[in-house]
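What follows is a short report on a single structure.
Number of protein chains: 2
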Amino acid sequence: MPVGTVASVKGVSQDILEELGVQILLGNTYHLYLRPGVAQVRQLGGLHRFMAWPRAILTDSGGFQVFSLNDLRKVTEEGVTFRSHLDGSTHFFTPESAMEAQIGLGADIIMAFDECTEHPASPQRARESMELTLRWAARSKKYFEQHKTEVPWATERTPGPAQTQALFGIVQGGMDAALRKESAERTIEIGFPGYAIGGLSVGEPRPVTREVVEATLQHLPADKPRYLMGVGTPEEIVEYASLGVDMMDCVLPTRAARHGLLFTSEGRISIKQVRYASDPGPLDPKCGCRVCRRYSRAYLRHLYAANEVLAQVLNTVHNLSFYLDTMRAVRHSIALGNKTQFLAGGQSRAKS
Amino acid sequence: MPVGTVASVKGVSQDILEELGVQILLGNTYHLYLRPGVAQVRQLGGLHRFMAWPRAILTDSGGFQVFSLNDLRKVTEEGVTFRSHLDGSTHFFTPESAMEAQIGLGADIIMAFDECTEHPASPQRARESMELTLRWAARSKKYFEQHKTEVPWATERTPGPAQTQALFGIVQGGMDAALRKESAERTIEIGFPGYAIGGLSVGEPRPVTREVVEATLQHLPADKPRYLMGVGTPEEIVEYASLGVDMMDCVLPTRAARHGLLFTSEGRISIKQVRYASDPGPLDPKCGCRVCRRYSRAYLRHLYAANEVLAQVLNTVHNLSFYLDTMRAVRHSIALGNKTQFLAGGQSRAKS
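Now the structure itself:
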């Protein structure tokens, strides 16, 4: 899921995102709550209509941004007090107000309000934080069930199953496998149509991330979406998908693009390097995106060196294309695997 | 002609420019000479190949940029010494080196090296500057004739008439009608396939601009392209086209877009205004561009207020669309006028 923090994937228009095959975008509740504000988006019919994006949208709970952008946040049982990174104004998020915000924004998938446990955290701190997230998950669900029909498009869409949003739970528990297991089981007890693994990519070594993902995944139902938040590199998303993760989001393809770091079938390219100034070849000879079809490395290097806005636009389009191609390959190989399995099953049935 | 200063129309990809119907782009010799450098562009096959733009390109002579970006420039009979706005390094442009640069860049239309007379200028200063431009025009033509086959694509393109570039002359003469007439006549004596009116939009009142344009145009051959440099607003380009101007370039649509100033059929809109924050309507209800078809004023206002790069991208696409629509309407009305004239002529012939 490409990240469109404030209802825009930085530099890329929605037409291009559609062409790239983006199925679902992520919006950040924290940012959208601050600007343009939930009331504004609600009044304009919700995020889909506001940003002219008919495909799926997921909003995060705001918990991670409060955690990562606010040194001055104050957490109590009731919720989190934090200061806006825009103007320093004070705000208070509770599970209830985070649900209210996400219902008002009207994404298709919304996330329970959680506390993202910092790393490192003592065993006691990790448990207390996990327990808090569990209580907040119950409160999130309760508020959601009472108010879910207040989504801006509740009565607008054509008759069908999706007249309300889907609220996902978030598993926390720090880097401790036992805590993660307990968090998963007790989140499942509360009951959600999908589950996310939160609290990773917070500074821990990558092997630890993988261990925690594996330790957590096995306790989450395979017949419901399993969403790993905030990862990762192209190699990582393939790896996590192979472990059973269904959904991932990451700012890496878009943020790296803005810094001239491009993912290609031949490895990573830092397009700012002078070696590309005379390179007439495409960025990635194996990529069919509109950037690789048309422009040379020399031109992309020139745009970056000249600080042209088109550099960010084209670099982002390519990196998203590379990520989406990667996920298409993953899905293709899953489909092939399933088919093989199915055929094998069919043959064995035919034999019996 | 949209302006693509360093081989990019800021924020807009070449695909979109094609879709908008852009027939010709302007590149700035001064900027391209400094970055990425003429040798670089030449080695990569010229500007068309470098920026992946198969349609027409015009490069200016560099004279105007040296004039407008360099307080420390020093003009002699031989040429102009100036400092780079990028790194302060010293450079020297002569008519010959400006031709060499433009031949190396390989645009379809290139401009004679001129001195853009400042405003206000005394009669004596305006005459001396005009005389210098005339001598430089002769030197530009001489160098061009001797070196025109050195254009990067001289031997690449398929057989046909356009194996070399077209060098246009530039009329100067300050704000004095008599000097302009003399400059036009003597530039025509040197002989070029097209003529530009330079030295306007340099701070003079708009009515003066119009007077000078009218005073100059009547002395330029109507059967050759007449190019008015550096104008203007949508109203002005209609007005100048009606006077007989064939080509114009201006940074206004692209630069204004970056500042949130948008041209519409209902007048100018400053999209940053809070009044648009809740406006669900299209930017311009009469515009069919991909921005007006898809996005609301509220979304465009949000993108601008949030300082999102997509604001620049979408605003620029719309403003270019508005300008190109304006010029399409101008061409349509010229065609209609000509047809009416032709039909009238035909009828009178039929009667006789």
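Going down the list, the protein sequences come from chains A and B.
Note that the first sequence covers residues 1 to 352 in the numbering used here.
Note that the second sequence covers residues 1001 to 1352 in the numbering used here.
For glycine and all other residues, C-beta sits at the position ideal for the given N, C-alpha and C.
Hey, could you find the ends of the beta strand (DSSP E) residue i is sitting in?
i, result
"B/S1048", "A small correction: the amino acid at residue 1048 of chain B is His; Ser does not occupy that position in the sequence shown. Not the beta strand (DSSP E): B/H1048 falls in the alpha helix (DSSP H), residues 1047-1050."
"A/A383", "With chain A covering 1 to 352 only, the question about residue 383 of chain A has no answer from this structure."
"B/G1267", "1267-1270"
"A/F168", "166-171"
"B/T1264", "1261-1264"
"B/L1025", "1024-1027"
Closest Cβ-Cβ distance between residue i and chain A: below 9 Å?
i, result
"B/P1280", "yes"
"B/S1352", "Low local confidence applies: a pLDDT of 34 at B/S1352 is under 50, so the model's placement there is unreliable, and no value is given."
"B/L1105", "no"
"B/S1348", "Model confidence at B/S1348 stands at a pLDDT of 39, short of 50, so the residue's coordinates are unreliable; what they give is reported in the following sentence. Chain A contact via Cβ: absent."
"B/V1006", "yes"
"B/P1285", "no"
"B/M1001", "no"
"B/Q1043", "yes"
"B/G1011", "yes"
"B/S1089", "no"
"B/P1036", "yes"
"B/P1207", "no"
"B/R1294", "yes"
"B/Y1195", "no"
"B/G1345", "The pLDDT assigned to B/G1345 is 47, lower than 50, so where the model puts this residue is not dependable; a value taken from the coordinates is nonetheless given after this. Judged by the 9 Å Cβ criterion, B/G1345 is not in contact with chain A."
"B/A977", "Past the edges of chain B, shown from 1001 to 1352, lies residue 977 of chain B, and the structure says nothing about it."
"B/A1138", "no"
"B/A1056", "no"
Any C-beta of chain B sitting closer than 9 Å to the C-beta of residue i?
i, result
"A/L303", "yes"
"A/E156", "no"
"A/L314", "yes"
"A/F50", "yes"
"A/D15", "yes"
"A/V309", "yes"
"A/R290", "yes"
"A/Q40", "yes"
"A/A306", "yes"
"A/A277", "yes"
Tell me, please, which residues DSSP counts as bridged to residue i.
i, result
"B/P1282", "B/S1296"
"A/T81", "A/K74, A/F92"
"B/M1111", "B/F1168"
"A/G232", "Answer is none; A/G232 lacks a bridge partner."
"B/A1196", "B/I1170, B/Y1227"
"A/M248", "A/L228"
Check each candidate in the options and name the one with the smallest Cα separation from residue i.
i, options, result
"B/S1068", "B/A1101, B/E1096, B/F1092, B/E1115", "B/E1115"
"B/S1265", "B/D1325, B/D1279, B/N1315", "B/D1325"
"B/A1166", "B/Y1143, B/G1194, B/E1204", "B/G1194"
"A/M248", "A/V238, A/A257, A/A256", "A/V238"
"A/A107", "A/N70, A/D223, A/F168, A/A306", "A/F168"
"B/V1245", "B/Q1043, B/A1222, B/I1103, B/Y1323", "B/A1222"
"B/S1140", "B/F1192, B/V1151, B/D1087, B/A1126", "B/F1192"
"B/S1097", "B/R1127, B/S1089, B/V1038, B/D1015", "B/V1038"
"B/L1262", "B/T1216, B/K1224, B/P1225, B/V1313", "B/V1313"
"B/Q1163", "B/A1101, B/Y1227, B/T1149", "B/T1149"
"B/V1213", "B/L1179, B/Y1276, B/M1001", "B/L1179"
"B/Y1227", "B/P1205, B/L1200, B/P1207", "B/L1200"
"A/S242", "A/G198, A/M327, A/G230", "A/M327"
"B/E1145", "B/E1128, B/P1205, B/I1170, B/A1112", "B/A1112"
"A/P95", "A/V75, A/L86, A/G88, A/S89", "A/V75"
"B/R1135", "B/T1216, B/G1337, B/R1186, B/A1335", "B/R1186"
"A/H219", "A/S89, A/S183, A/F93", "A/S183"
"A/L86", "A/A56, A/Q43, A/I103, A/P36", "A/P36"
Give the range of the alpha helix (DSSP H) segment to which residue i is assigned.
i, result
"B/T1059", "Here B/T1059 belongs to no alpha helix (DSSP H); instead the beta strand (DSSP E) covers 1056-1059."
"B/R1139", "1123-1147"
"B/D1015", "1014-1020"
"B/G1063", "1063-1069"
"A/L177", "It should be pointed out that residue 177 of chain A corresponds to Ala in this sequence rather than to Leu. Here the alpha helix (DSSP H) through A/A177 covers 177-190."
"A/F118", "The displayed chain sequence assigns Glu, not Phe, to residue 118 of chain A. Where A/E118 is concerned, there is no enclosing alpha helix (DSSP H), given that its DSSP letter is neither H nor E."
"A/L217", "206-217"
"B/A1039", "1038-1043"
(request) Give a yes or no on contact between the stretch 269-277 of chain A and the stretch 41-51 of chain A, applying the rule of three or more CB pairs nearer than 8 Å. (result) no
(request) Kindly confirm or deny that the stretch 53-64 of chain A and the stretch 27-36 of chain A touch, where touching means at least three C-beta pairs closer than 8 Å. (result) yes
(request) Determine contact between the stretch 1246-1259 of chain B and the stretch 1311-1326 of chain B, defined as no fewer than three beta-carbon pairs at a distance below 8 Å. (result) yes
(message) Whether or not the stretch 1002-1020 of chain B and the stretch 294-314 of chain A are in contact is what I'm after, with contact meaning three or more pairs of Cβ atoms, one per stretch, closer than 8 Å; do they touch?
(response) yes
(message) For the structure I just gave you, are there three or more beta carbon pairs, one from the stretch 1079-1088 of chain B and one from the stretch 1116-1127 of chain B, closer than 8 Å?
(response) no
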